[in-house]
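Numbering (the numbering used here), first residue to last: 255 to 610.
Note that CB positions come from ideal geometry on N, CA and C, so glycine has one too.
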Amino acid sequence: MKTRKTVTTVAFNVAAVLIGLIICALLLFFMKVDPGAVISKTMSKIIGDKYNMGEVLVKATPLILTSLAFAFTYQANLFNIGAQGQFYMGCIAAVSISLALGGKIPTLALILIVLVASFAAGAATGSFIGFAKSRFGANEFLVSMMSTYVVSAFMDYLLRTSLQETKAEYLQTDGIAKAAYLPKLIKGTRVHWGFIIAVAAAVLIWILLNKTGLGFRIRAVGMNHHAAELGGIRTGKVYVIAFAIAGGLAGLAGLTEINGVQHMLLRDFNASIGSYGIGIAILANGNPIGCIFASILFGFLNVVGTTMGRLPNTSIPASIIDLLEGIVMTCVIASYAARHAYEVHLEKKRTRKESV
């Protein structure tokens with residue numbers, strides 16, 4: 255039964271992605287662009303270029319972590335819509351410590367400190383959401399969503415004051431020292447060790463959920479929190495722990511972007527990474543390992559859109575990146591409604607057969 259459900263989920267998700275890509279191809283046609291020629295040129299530029307292939311992993315790295323931030327709480331039937339804010343807190347912690355200690359201590363020690371700090375900053379934000387849910391029965395959907403606005407305002411304040419670059423002309427920080435950079439993983443590309451951190455995090459989360467007592471309690475609360483309480487599980491504690499770990503994962507995405515790619519903090523930096531993480535977690539059906547592959551898919555779509563926008567003698571707008579990802583994400587979400595209707599149909603059919 256479980257195997258059939260998994261196969262059905264994968265089939266519907268694959269179909270949704272393919273439908274989304276077909277819709278995008280049709281949009282290119284309406285732009286008076288030959289979809290076949292454009293896609294062929296785009297694929298040849300990506301597959302035949304080591305740097306472009308590396309960009310797929312670069313784009314996927316933070317998405318793995320923000321999708322895990324949603325997928326993890328979903329296991330407890332909680333909705334973490336605030337991964338964007340938790341990501342920003344991780345960015346603030348990463349850039350602050352990197353600017354303060356960069357070049358003063360060995361790189362490995364600095365990266366470890368930044369890793370712990372960015373996780374802790376995101377976890378602190380997440381645990382507040384869990385505490386509000388546990389102590390006051392607050393709606394975690396709304397609290398997590400509003401926390402993003404609070405953190406964004408806090409980051410904006412810091413970029414206007416203590417973290418603003420030396421000349422005080424732009425809302426950004428100074429660049430961090432090279433000693434604080436995450437080492438490159440693949441020469442000739444921008445792929446850094448943050449990708450390994452993200453993949454390791456996904457594997458550890460899968461082990462935690464499926465092989466530990468804490469994971470069992472989280473999943474038990476997700477299935478039925480009333481029954482879990484009767485079984486002696488403290489649901490309030492689970493809420494706080496689940497949101498703390500989820501927030502920490504999103505905070506780690508701040509480390510991978512600040513120390514791995516951007517090397518400074520800008521206003522409205524990666525403003526959609528949290529929302530993309532939600533869509534990726536849905537595509538992965540909340541499976542931590544699935545988040546890795548779904549993130550790589552969206553990283554690939556991002557690179558495809560960027561490459562399309564740079565093709566010579568075409569009128570493809572730069573917004574094709576968001577269009578590609580948005581259409582595919584919409585189709586994936588819609589596929590869940592279709593899959594639910596299909597499963598209800600099968601259940602009714604099975605019930606009718608048993609009643610005969």
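Which of the three DSSP states, helix, strand or coil, is assigned to Q340? helix
Counting along the chain, where does the alpha helix (DSSP H) carrying H517 start and finish? No residue range can be given for H517, since it is assigned to no alpha helix (DSSP H) and is classified by DSSP as neither H nor E.
With H, G and I counted as helix, E and B as strand and the rest as coil, what does DSSP make of K438? Note: K438 maps to strand in three-state DSSP.
M477, buried or exposed, once every other Cβ within 10 Å from all chains shown has been counted against 16: exposed
Is the beta carbon of V404 closer than 8 Å to that of G357? no
Is G553 near L311, with beta carbons less than 8 Å apart? yes
Is the beta carbon of L509 less than 8 Å from the beta carbon of G429? No, they are not a contact pair.
Could you give the residue range of the alpha helix (DSSP H) that holds F552? Start and end: 542-563.
Compute the Euclidean distance between the alpha carbons of Y564 and M297, then round it to the nearest angstrom. First, the amino acid is wrong: residue 564 is Arg here, not Tyr. Looking at the two C-alpha atoms, the distance is approximately 13 Å.
Nearest by alpha-carbon distance to A433: which of A354, L280, L319, V494 is it? The option with the nearest alpha carbon to A433 is A354.
If you draw a straight line from the C-alpha of V586 to the C-alpha of C278, how long is it? About 14 Å.
For N464, report the span of its alpha helix (DSSP H) as first-last. 448-465
Comparing alpha-carbon positions, which option in M400, K603, A330 lies nearest I487? A330
Return the bridge partner residues of Q426 from the DSSP annotation. According to DSSP, Q426 bridges with L520.
Restricting to Cα atoms, I'd like to know which of V268, V287, G544, G384 is closest to L322. Of the listed residues, the one whose Cα sits closest to L322 is G544.
Cα-Cα separation between M343 and N513, rounded to whole angstroms: 14 Å
With a Cβ-Cβ cutoff of 8 Å, do L332 and A496 count as a contact? yes
Quick one: grab the DSSP three-state call for I527. Secondary structure at I527: helix, using DSSP grouped into helix, strand and coil.
Assuming M562 contacts V292 under a Cβ cut-off of 8 Å, what Cβ separation, rounded to an integer in Å, is found between them? 6 Å
Where T605 falls, given that 16 or more other Cβ within 10 Å makes a residue buried: exposed
Looking at S569 and V287, is the spacing between their C-beta atoms short of 8 Å? yes
Select from V271, A455, L282, T260 the residue whose C-alpha is nearest the C-alpha of G580. V271
Cβ neighbour criterion (16 or more within 10 Å) applied to E394: Classification of E394: buried, given that the 10 Å Cβ count is 16 or more.
How far does the alpha helix (DSSP H) with K387 in it reach, from first residue to last? DSSP places K387 inside the alpha helix (DSSP H), whose first and last residues are 361-390.
Other residues of its chain near A474: CB distance less than 8 Å, five sequence neighbours each side excluded: A481, A482, G485, I487
Report the three-state DSSP secondary structure of E597 (helix, strand or coil). helix
Do F326 and L503 have their CB atoms nearer than 8 Å? A contact, by the Cβ cut-off of 8 Å.
Check each candidate in F373, A386, L319, Y424 and name the one with the smallest Cα separation from A452. Distance from the Cα of A452 is smallest, within the candidate group F373, A386, L319, Y424, for L319.
6 Å Cβ shell around I273 - same chain, five flanking residues per side excluded: C585
Report the option in L317, A269, F470, A374 whose CA atom is closest to the CA atom of F498. The sequence shown places Ala at residue 498, rather than the Phe named in the question. Out of L317, A269, F470, A374, the CA that lies nearest to the CA of A498 is found in A374.
Please name the residue, chosen from K602, L463, G559, Y435, that lies closest to I217 on a Cα-to-Cα basis. Given that the chain is displayed from residue 255 to residue 610, the structure contains no residue 217 and the question cannot be resolved.
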